[in-house]
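Position in the sequence shown counted from 1, then plus 1, gives you our numbering.
See structure below.
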Amino acid sequence: MSIYPDATAVARALSPDEPVILNRPHAARRAAQFFVQKFPGKVLYAVKANPSPDLLRVLNDGGVTHYDVASIAEVRLVRSTLGPDVTLCFMHPVKTERAIAEAYFDHGCKTFSLDSHDELDKIVRATTRDGVEAKDLRLCVRLRVSSEYSELSLAAKFGVDLIDAPGLLQAVRQKADWLGVCFHVGSQAMTPFAYVQGLERVRAAIAEASVVIDMIDVGGGFPSVYPGMEPPPLEDYFQVIHRHFYELPIAYNAELWCEPGRALCAEYNSMIVRVEKRRENELFINDGAYGALFDAAHIGWRFPVRRVAGPENDAETADFAFYGPTCDDADYMEGPFPLPADMRAGDYIEVGMLGAYGAAMRTGFNGFGDGPVETVSDEPMSSLYRGDRADPRVSDNVISLR
């Protein structure tokens, strides 16, 4: 397998007609080691962010041993890729009985999340054999919390409301060998205060339920770096979470978990696209809303961009919008994406920070979506882990702890 020094080398060597995904294993391994070494608890990788088997192996090599799987397909993928020694945690709150039974009996998954009495009943039924209920279930009640401090909300679909949480916790405690409380503050949380608010809701639910809690899972939401989104250092998040965790009314040996997805894989991928046409300040490129640039089209996510294999000195820049390759008008990315003002058909662009919800979103709609995958050795366009960031923006809600 060839390892190229950077995107420019790939573009010059291949002159690709199709988009090229670029992998940076060293960046993902560094992110995994950072979380494993610095987060004050257990780290679960949220597989949905990027289910690449190659990435799973890199994260496992970096020390990640627990995986947040959200479907039976992800259960099978992680087990077949990483083997029997990793721990699978089925953290989707709504599952089919067949998926629960297969995960439990065939793949050794003992940890399940839920947010309703109906789901509790379903898990108990699915893990009962010959009339004997499972005695080793590790069940996590998902609590609904606010997403107001995150760029993408996850507050509407899942989670038991605070008023109903105590009764559900008491019911789950009767069936679980090990009881946890989990929540998710939303994707790309831009301040540690998001977790403070979540943990305060956890405190209220536990106090009202008066049950023994064995684990607190603060979920995902840990940010990466994108244009216009400069989060505080991750160490600040970890310290705030750690302090508030130890103030909860929980068992003395209770565990602290987190489920990073974006933060572990955002720096793993970038992509080379080619400009097929220019119309004023609109560039027609060969990936878009139905490919790895799904988020750029549908939620206006601004990924970093740069021209590759072109002139090295680009003094003047302009803001561009992109059209993707399909026939749909919806295949449009407003940006703005700042690039050299003289961009033209045939130029190549590297789109950075696509490891999370980028490469994983590619489809074959309209006959597009194929393309090679190559490995490069240079650094991602942005990083939380190199130690070379200029003073990052500090949240107004939480003082800097460093």
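Cβ atoms here follow ideal geometry from the backbone N, Cα and C, with glycine treated the same way.
In angstroms, rounded to a whole number, what distance separates the CA positions of residue i and residue j?
i, j, result
"TYR46", "ASP329", "34 Å"
"GLU260", "LEU115", "16 Å"
"LEU200", "GLU75", "28 Å"
"VAL226", "SER384", "7 Å"
"PRO250", "PHE194", "20 Å"
"TYR247", "ASP215", "13 Å"
"PRO54", "GLU209", "43 Å"
"ASP296", "TYR358", "7 Å"
"PHE285", "GLY370", "15 Å"
"GLU19", "ALA32", "29 Å"
"VAL395", "PHE35", "At VAL395, the pLDDT of 46 sits below 50, so the modelled position is not reliable; the number obtained from the coordinates is stated separately. Spanning the two alpha carbons is a distance of roughly 20 Å."
"VAL87", "TYR238", "26 Å"
"VAL146", "ALA10", "46 Å"
"ALA206", "LEU180", "13 Å"
"LEU355", "TYR5", "18 Å"
"SER3", "VAL65", "26 Å"
"ILE300", "ASN367", "21 Å"
"ALA102", "ASP343", "58 Å"
"ALA104", "ALA331", "38 Å"
"VAL399", "GLN198", "Residue placement at VAL399 cannot be trusted, given a pLDDT of 42 that sits under 50; the coordinates are not used to answer."
"LEU121", "SER271", "41 Å"
"ALA322", "VAL95", "38 Å"
"GLU134", "HIS108", "18 Å"
"ILE273", "ASP131", "55 Å"
"SER81", "TRP258", "24 Å"
"ASN287", "ARG345", "14 Å"
"GLN175", "TYR196", "28 Å"
Which one of the options has the shortest CA to CA distance from residue i?
i, options, result
"ASP119", "ALA267, THR97, ARG139, LEU385", "THR97"
"SER72", "ARG13, VAL44, VAL48", "VAL48"
"LEU60", "ARG387, LEU15, LEU265, LYS123", "LEU265"
"ALA293", "MET362, ASP165, VAL186, VAL79", "MET362"
"PRO326", "ALA319, GLY289, VAL44", "GLY289"
"LEU15", "SER211, LYS39, GLY372", "GLY372"
"MET334", "ALA29, GLY42, PRO341, TRP302", "TRP302"
"ASP165", "ARG202, THR9, PHE113, ALA8", "ARG202"
"LEU89", "ARG308, LEU57, ILE4", "LEU57"
"PRO41", "SER271, LEU235, ILE4, MET344", "LEU235"
"LYS158", "HIS93, MET382, GLY63", "HIS93"
"VAL213", "ALA322, TYR253, HIS27", "TYR253"
"ALA100", "PRO85, LEU83, LYS123, THR82", "LYS123"
"ALA255", "VAL186, GLY187, VAL182", "VAL182"
"ALA8", "THR82, HIS185, ASP348", "ASP348"
Residue i and residue j look like a contact to me (Cβ under 8 Å); what is the Cβ gap, rounded to whole Å?
i, j, result
"TYR324", "GLU283", "6 Å"
"PHE338", "VAL374", "Going by Cβ atoms, the distance from PHE338 to VAL374 rounds to 23 Å, so no, they are not a contact pair."
"ALA190", "LEU140", "At roughly 25 Å, the Cβ-Cβ gap does not stay under 8 Å, so ALA190 and LEU140 are not in contact."
"ARG13", "ALA310", "5 Å"
"ALA298", "ILE22", "ALA298 to ILE22, Cβ: 18 Å. No contact."
"THR364", "TYR291", "5 Å"
"VAL37", "GLY63", "7 Å"
"LEU144", "VAL161", "6 Å"
"VAL44", "HIS67", "7 Å"
"MET382", "GLY353", "3 Å"
"HIS185", "LEU155", "5 Å"
Does any residue of chain C have a CB that is nearer than 9 Å to the CB of residue i?
i, result
"GLY187", "No chain C appears in this structure, which consists of one protein chain only."
Tell me whether residue i is buried or exposed, calling it buried when 16 or more other Cβ atoms sit within 10 Å of its Cβ.
i, result
"ALA267", "buried"
"SER211", "exposed"
"PRO341", "buried"
"PRO52", "buried"
"GLY262", "buried"
"GLU281", "exposed"
"ARG30", "buried"
"ARG308", "buried"
"THR129", "exposed"
"ALA127", "buried"
"GLY388", "exposed"
Open item on the list: Using 8 Å as the cut-off, can you tell me whether the stretch 214 to 222 makes contact with the stretch 376 to 391, which would need three or more C-beta pairs spanning the two stretches below that distance?
Closed with: no
- [ ] Report yes or no: do the stretch 229 to 239 and the stretch 269 to 289 share at least 3 C-beta pairs separated by less than 8 Å?
- [x] no
Open item on the list: Is it the case that the stretch 235 to 249 contacts the stretch 55 to 74, given that we only count it when at least three CB pairs across the two stretches are under 8 Å?
Closed with: no
Open item on the list: Assess contact between the stretch 167 to 182 and the stretch 148 to 156, defined as three or more Cβ pairs (one per stretch) separated by less than 8 Å. Is contact present?
Closed with: no
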